[in-house]
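Data first, discussion second: the structure below is written as structure tokens.
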Amino acid sequence: MEQAVSDFLTWLDSLPGPTLYLVLGVGAALENVIPAIPADTFVALGGLLSAVGTVSALGVFLTTWLFNVASALVMYRLGYSHGRMLFETRIGHLLLKPHQLERMAGFYARWGLPAMFLTRFLPGVRSVVPVFAGITHQKWLRVAVPLALASAIWYGALVLLGRWAGENLDLLGRLLGRVQSVLGALAIVLVALVVAWWWRSRHPPRE
């Protein structure tokens, strides 16, 4: 794995500046479509490359942040426009029943701002939250502001981490691995809580 990352970094370093920015931006954006893509690694590697002068730290931050936020808002919009129709189908009812969607909408209305802010730091989870914000028809500004702010903090920290590590890829890998282990564990706990809620709320409350 370390050799693969090293080879990937060497390939990135060989790219012209504009192309390198584009690759980093697309890598950050794709996470919102395919959660398994390690966008954090793209950002941190961009920070590392900024330490050796290939690109600027500000350029890496702005490119990855803008691409990631834009793609998250596109997924939000798709959820807003088409998500409800999916959950009106038979398959959709197997995933979420109408009363569960209403409960979710109530949760977003009450806790949406802090929830969308905090989950931007959790891998995997951060990709799903904007979609369901759209499905439950949250207002654009209530989604865009916490999403953009949290992403700016997180991506700024990753760029600085990569830049601080300098040319030491092993150090960056260790630091990023520790951070991702903690955040990954928190994400697993959150997913477990959501699954427990989903299971317990399958049947509507009796009146």
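What the sequence shown shows, in my numbering, is residues 16 to 222, in sequence order.
All residues carry an ideal CB built from backbone N, CA and C; glycine is no exception.
Note that the structure is predicted; figures quoted are calculated from it, not measured.
For ILE168, the uninterrupted alpha helix (DSSP H) segment begins and ends at 155 to 180. At the C-beta level, PHE57 and GLY68 stay beyond 8 Å of one another.
C-alpha of LEU128 to C-alpha of VAL194: approximately 24 Å in a straight line. With respect to the C-alpha of LEU64, the residue from ARG157, LEU30 and PRO145 having the closest C-alpha is LEU30. By the Cβ rule, the region 88 to 102 counts as touching the region 143 to 162, because three or more pairs are nearer than 8 Å.
Distances from the alpha-carbon of ALA130 to those of ASP28, ALA120, VAL144 and LEU24 put VAL144 closest. In this structure, DSSP gives ARG217 a state outside helix and strand, which the three-state scheme calls coil. A residue is called buried when at least 16 other Cβ atoms come within 10 angstroms of its Cβ; ALA211 does not meet this threshold and is exposed. Excluding residues up to 5 positions away in sequence, LYS112 lie with their Cβ nearer than 7 Å to the Cβ of ARG217 in the same chain. By the criterion of a C-beta distance shorter than 7 Å, TYR123 is surrounded in its chain by ALA148, THR151 and GLN153, once the five residues flanking it on both sides are discounted. Relative to SER166, the option among TRP179, ARG141, ARG178 and GLY62 whose CA is nearest is ARG141.
Three or more pairs of CB atoms, one per stretch, sit closer than 8 Å, so the region 169 to 189 contacts the region 68 to 81. No Cβ-Cβ contact shorter than 8 Å links LEU35 with LEU137. Beyond the five residues adjoining it in sequence on each side, ARG99 comes within less than 7 Å, by CB distance, of ILE150 in the same chain, given in chain order. Using a Cβ distance threshold of 8 Å, GLY61 and GLY188 do not count as a contacting pair. Your pair GLY139 and ALA202 checks out as a contact, with CB atoms roughly 5 Å apart and the cut at 8 Å.
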